[in-house]
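J.: To start, I am sharing the structure in question, which I have written as structure tokens.
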Amino acid sequence: MTMFGWLGRSATRGILTTRYPDAPPSPAEAPVSAHAPEPPPGVAIAASAVNACPVRAIAPDGVDQCRCIRCARCLAQGFEFSGPVALATAARADRPDGPSATRGAGAPLARLGRSLHVFLVDVGSCNACNLEVLSIAHPQYDASRLGIFFTNSPRHADVLLVVGVPTEAMVEPLRRAYEAIPAPKAVVATGACAIRGGVFEGNAGLRSGVDEIVPVDLYVPGCPPPPVAVLDALLRLIGRERTEAPT
Amino acid sequence: MTRSGWEVETGDDPPVEDGKRALAYRADDGALALYNDYERFRSIVRTPKAPGAGGVRPAPVPGAHALAEAAEVAGYGTFTFPYGPISAGVPEAGKFEVRTYGERVLGLVPVGGFKSRSVPASVVGLPVADAGLRVERIAGNLSASHVSAFLAAVESAEGRPVPTAELYVRALAQELQRLYNHVRQIARVAEAAAQNVGLAQMHALGEEILRLQGSVFGHRWMFGALLPGGPTRRVEPADRDRIEHALGRIEAEFGALWSLLLESRTFVDRLQSTAPLSKESAISSGAVGPTLRASGVGWDDRLRAPTPPYTDLFVSLPNETAGDALARILVRGAEIQASLVILEQLFDRWPAEESITEAPESPLGPGRGIARVEAPNGDLVYDVTVADGRIRRLQFRSPSTANWPAFALSMQDAVFTDFHFAFESFGLVFAETDG
Ligand code: SF4
Ligand code: SF4
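From first to last, the protein sequence lines are chains A and B.
When you read off a place in the first sequence, starting at 1, and then add 20, the result is the number in my numbering.
When you read off a place in the second sequence, starting at 1, and then add 67, the result is the number in my numbering.
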């Protein structure tokens, strides 16, 4: 036994489950990089900041959350991770009239009622997104209390949750998984890679985002998105997401 | 020799002799020198080649080719069924070709390439820090090991001294990630073996480690934290106190869960003699890490080929001899405790700000460096060529790449119902195999 010593905690102690979505995510649930980077207030975004971003997420008129990989390079340019926990959006900033916008994100599933069955598909991830998504089932998040379950078969699924940047080899398997899910169904592109390639954007043999292959309802920014952001996306599909009280 | 996407090098490299000498370890086991030499690294390493328009064609992982042929055994009623690339049991994109005549597995060939993002080819020409952003995303759950090996190779190539505290931060990150991976692996095996005792708590413990990493490094997977030119997420004394406190809790919880798990006869029985790997097969197949140590070979880079700060630390070497799924899990459990001892030593010896460590001289001459670290799932090797602060060439051999043949061997003659916990007991990651 080491010096850290036993603190007499029992392995069966109660585990604190997040109060999200009833309360905002705590700092433990959302470390700094879970928040959206924001430029220094009141001044125009400098060209040096635009150039500092390795994935061209910074433009003179703002930060594209869907592209940002949370590398924190822009902190040296006066940016801060001071925005809200980056939550799901229904449209890609660079593709506002993409398939999801015309399809009416979230709407079809709201009618499903209370529970959601999620089929997770990896099309070329680094594994961190997979693990963040799976962790919503762990005690600290306990997605089942919100009626959210993973399923092993696309035929029993309502939601196709995709992680990773699509490789050519995964294009067909992804399409087939999508088709196997009965309607109404929704697709959630989770993580910068799934949205438009993330740090791998432009590498040979990769597609630039899941929505090139199947229509996407929601994009969850982050690299990887924290579990609360994944929860938020799924809750959005059934109209139960956290809404901030108006201030 | 090219075989759809994978290329085995034919040797346009600088003199191998030097590299060989530098990497020939003082092995206590004659076979080890053979297993772990430079030629072996060269024989299965991926060369950085960008794929054509059609992308990478999935193919049996290197080393699995002979197995593929062996799996072609014909006979009345034998058939091959593909498992993957999207499958319920493996939460990653990868495939297995299973040759069977019903229940018994005659041969199993892991097929990789579905997740290839061509990282080694894509970093050519990039500054070290930008390449690092991609390297840490080769396998997110092993990011600290990949980045540490990558940076050490670059430093050795450039002959650049490093602040000692930076090496300590890297070791801290690696050991935390080892805790996380081992805890998760144990939970996954328990889950696959339908073992519910303490399962939720084991997963909860994994989440606690991620949260600790998030609070110390600002990112739950420590992306960016170890890279030069990124944010300076230094580990201040106050942070270290906080980490020590959290580790005390983690140690207590893990200890209690671990004994609960091992008291469960059903769990132990299920894993015992499942997917066995003999010492001879482990060595000849080139297995590394906990897989190798569970088969009775005491090899750990932190002990046998240490780099600072491991040169100054006491590292224990948990060892099992049975080579089955249970042995691999027992090794991981013991390594969690060993890592806690290492972390404690790191904090005791934390260096002063101004302390500097010289980079090891590159055995391959200036401009090209080789480094290896003991990742949670085994020996990880990076070979990087740098010029003017930019990557000229990068190749690596991941522990998963090394361990696939061992996994395939252990599944020969197994029953398919063993697949999931056999698989989880090896800690294999397609993401780092494919690159
Ligand atoms: S955190 Fe990194 S990726 Fe995101 S905006 Fe800042 S520099 Fe760009
Ligand atoms: S978005 Fe980031 S964390 Fe997710 S798969 Fe891509 S690189 Fe990994």
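The beta-carbon is built from N, C-alpha and C at its ideal position, and this holds for glycine as well.
Any idea what DSSP makes of residue 148 of chain B, helix, strand or coil?
T.: strand
J.: Can you round the beta-carbon distance between residue 130 of chain B and residue 343 of chain B to whole angstroms, since I take them to be within the 8 Å contact cut?
T.: The pair is not a contact, with the Cβ atoms about 19 Å apart (cut-off 8 Å).
J.: If you measure from the beta carbon of residue 134 of chain A to each beta carbon in chain B, is any gap under 8 Å?
T.: no
J.: Could you name each continuous alpha helix (DSSP H) segment of 4 residues or more that falls completely within the region 454 to 493 of chain B, going from the start of the chain to the end?
T.: 466 to 478 and 486 to 493
J.: If I measure Cβ to Cβ from residue 277 of chain B and keep anything under 6 Å in the same chain, skipping five residues before and after, which residues do I get?
T.: Counting only Cβ-Cβ distances below 6 Å, and skipping sequence neighbours, we find 287.
J.: Mind checking the region 390 to 418 of chain B against chain A and listing, in chain order, the residues whose C-beta falls within less than 7 Å of any C-beta there?
T.: Look at the region 390 to 418 of chain B: the residues with a C-beta under 7 Å from a C-beta of chain A are 407, 408 and 411.
J.: Using the beta-carbon of each residue, which ones in chain A are nearer than 8 Å to residue 205 of chain B?
T.: 146
J.: For a contact defined as C-beta to C-beta under 7 Å, what are the partners of residue 172 of chain A on chain B?
T.: Those within 7 Å of residue 172 of chain A in chain B are 155.
J.: Any idea what DSSP makes of residue 205 of chain B, helix, strand or coil?
T.: coil
J.: Quick check on residue 222 of chain A: buried or exposed, where buried means 16 or more other Cβ atoms within 10 Å of its Cβ?
T.: exposed
J.: What are the complete alpha helix (DSSP H) segments, minimum 4 residues, inside the region 138 to 192 of chain A?
T.: 148 to 154
J.: So residue 239 of chain A is in the alpha helix (DSSP H); what residue range does that whole segment cover?
T.: Note, residue 239 of chain A: premise wrong, no alpha helix (DSSP H); beta strand (DSSP E) at 238 to 240.
J.: What are the start and end residues of each continuous beta strand (DSSP E) run of 3 or more residues lying completely inside the region 171 to 219 of chain B, in chain order?
T.: 172 to 179
J.: List the residues of chain B that residue 159 of chain A touches, going by C-beta distances under 9 Å, in chain order.
T.: 267, 268, 270, 271 and 274
J.: Could you check what DSSP says for residue 442 of chain B in three-state terms: helix, strand or coil?
T.: strand
J.: Mind listing which residues of the region 201 to 230 of chain B have their C-beta closer than 7 Å to chain A's C-betas, in chain order?
T.: 201, 204, 205, 206, 207 and 208
J.: With H, G and I counted as helix, E and B as strand and the rest as coil, what does DSSP make of residue 286 of chain B?
T.: coil
J.: Would you tell me roughly how many angstroms separate the C-alpha atoms of residue 90 of chain B and residue 379 of chain B, rounded to the nearest one?
T.: Low local confidence applies: a pLDDT of 36 at residue 90 of chain B is under 50, so the model's placement there is unreliable, with the coordinate-based value given in what follows. Between residue 90 of chain B and residue 379 of chain B, the C-alpha separation is close to 20 Å.
J.: Is there at least one non-hydrogen atom of ligand 1 closer than 7 Å to the beta-carbon of residue 228 of chain B?
T.: no
J.: Which partner residues does residue 162 of chain B have in the DSSP bridge list?
T.: As a beta-bridge residue in DSSP terms, residue 162 of chain B pairs with B:178.
J.: For residue 287 of chain B, return the contacting residues in chain A, with the cut-off set at a CB-CB distance below 7 Å.
T.: Those within 7 Å of residue 287 of chain B in chain A are 51 and 246.
J.: Does residue 184 of chain B get closer than 8 Å to chain A when you measure Cβ to Cβ?
T.: yes
J.: Sort B:421, B:349, B:309 and B:449 by Cα distance to residue 411 of chain B and report the nearest one.
T.: Taking each of B:421, B:349, B:309 and B:449 in turn and checking the Cα distance to residue 411 of chain B, the smallest one comes out for B:309.
J.: Quick check on residue 253 of chain A: does DSSP put it in helix, strand or coil?
T.: helix
J.: Using a Cβ cut-off of 8 Å (strictly closer), state whether residue 192 of chain B contacts chain A.
T.: no
J.: One question on the structure: do residue 258 of chain A and residue 134 of chain A come within less than 8 Å of each other, judged by their Cβ atoms?
T.: yes
J.: CA-CA distance, residue 102 of chain B and residue 98 of chain A?
T.: Residue placement at residue 102 of chain B cannot be trusted, given a pLDDT of 43 that sits under 50; the coordinates are not used to answer.
J.: Among residues of its own chain, excluding the 5 on either side of residue 85 of chain A, which ones have a beta-carbon nearer than 6 Å to its beta-carbon?
T.: 56, 106 and 241
J.: Closest to residue 154 of chain B by C-alpha separation, out of A:103, A:235, A:237 and A:196, would be which residue?
T.: Selected option, being the one with the closest Cα: A:196.
J.: Assign residue 247 of chain B to one of three DSSP states: helix, strand, or coil.
T.: helix
J.: Evaluate residue 92 of chain A with the Cβ neighbour count: other Cβ atoms within 10 Å of its Cβ, from every protein chain shown; 16 or more gives buried, anything less gives exposed.
T.: buried
J.: Using the three-state DSSP reduction, which class does residue 153 of chain B fall into: helix, strand or coil?
T.: It is coil, neither helix nor strand.
J.: List the residues of chain B that residue 234 of chain A touches, going by C-beta distances under 7 Å, in chain order.
T.: By Cβ distance, chain B contributes nothing, its closest Cβ being about 13 Å from residue 234 of chain A, past 7 Å.
J.: Step through the CB atoms of chain B and report whether any lies within less than 8 Å of the CB of residue 125 of chain A.
T.: Reliability of the predicted coordinates at residue 125 of chain A is poor, the pLDDT of 47 falling under 50, and no value is obtained from them.
J.: Do you know offhand how far residue 268 of chain A's Cα is from residue 423 of chain B's?
T.: Look at the range of chain A in this structure, 21 to 267, and you will see that residue 268 of chain A is not part of it.
J.: With H, G and I counted as helix, E and B as strand and the rest as coil, what does DSSP make of residue 128 of chain B?
T.: coil
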